[in-house]
Structures are given as structure tokens and as C-alpha cells.
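Numbering (the working numbering), first residue to last: 2 to 107.
Right, dumping it as C-alpha cells:
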């Protein structure tokens with residue numbers, strides 16, 4: 002996740018919780034977020050997870066753990082979907098080859 006996206010979502014969190022941060026506090030929070038597993042998450046997944054989580058989050062301190070959990074869930078779902086699609090394509094190729102062999106025998 003890019004630092005620009007982290008700063009953007011941090012501002013959204015501040016506005017949502019109605020708790021503006023001091024420059025020092027904002028720097029500390031953005032540093033914690035940047036050093037967390039967020040840095041390896043793609044921007045689109047991180048942003049989707051952020052908006053999924055923030056509407057259910059009651060405490061700003063709980064946002065990061067819930068957010069990371071949601072990111073992992075989305076990444077797991079995408080990985081599972083990719084694997085299913087790969088298996089489907091592989092099966093389609095096998096069935097096509099089988100049908101072609103059957104036609105050649107006739």
C-alpha cells in the first residue's frame with residue numbers, strides 16, 4: 002500500500018471518528034500503519050477492506066487489527082477464486098482434448 006493511500010485513509014478515519022490528530026500523533030499512527038502488514042497489501046484491496054471495516058468499528062484503536070484481518074480475508078477469497086478459475090480452465094482444456102480424441106477415433 003502506498004504512503005499516499007495510507008495518509009488519505011488516515012484522514013478519512015480522523016473525519017469518521019471526529020477526532021482530529023495532532024501532527025505528532027498523525028505521524029506516529031501513519032508510521033505504525035506503514036510498518037504493519039498494510040505495506041504489502043495492494044491499494045485496491047486495502048481501500049475496500051478499510052471501508053468495509055470502518056463502518057462497524059467503534060474505537061479508532063481497534064481499526065488497524067480489524068482492517069488487517071479483513072485484508073487477509075479478501076486476499077484469501079481472491080486467491081481461492083484464482084485457483085478455482087485456474088482449475089476450471091484446466092478442466093475445460095482436458096475435456097476439449099478428450100472430445101477431440103473421441104472424434105478422431107470415430
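Cβ coordinates follow ideal geometry from the N, Cα and C atoms, glycine included.
In the three-state DSSP reduction, residue 42 falls in the coil class, being neither helix nor strand. When 51, 6 and 82 are compared, the shortest CA-CA separation from residue 67 is found for 51. Taking 7 Å as the cut-off, the beta carbon of residue 75 is found closer than this to the beta carbon of residue 46.
The C-beta of residue 80 has fewer than 16 other C-beta atoms within 10 Å across all chains shown, which makes the residue exposed. In this structure, DSSP gives residue 57 a state outside helix and strand, which the three-state scheme calls coil.
Contact between residue 39 and residue 2 holds, with the beta-carbon distance rounding to 5 Å and staying under 8 Å.
In chain order, 67 place their CB closer than 8 Å to the CB of residue 57, counting only its own chain and leaving out the 5 sequence neighbours on each side.
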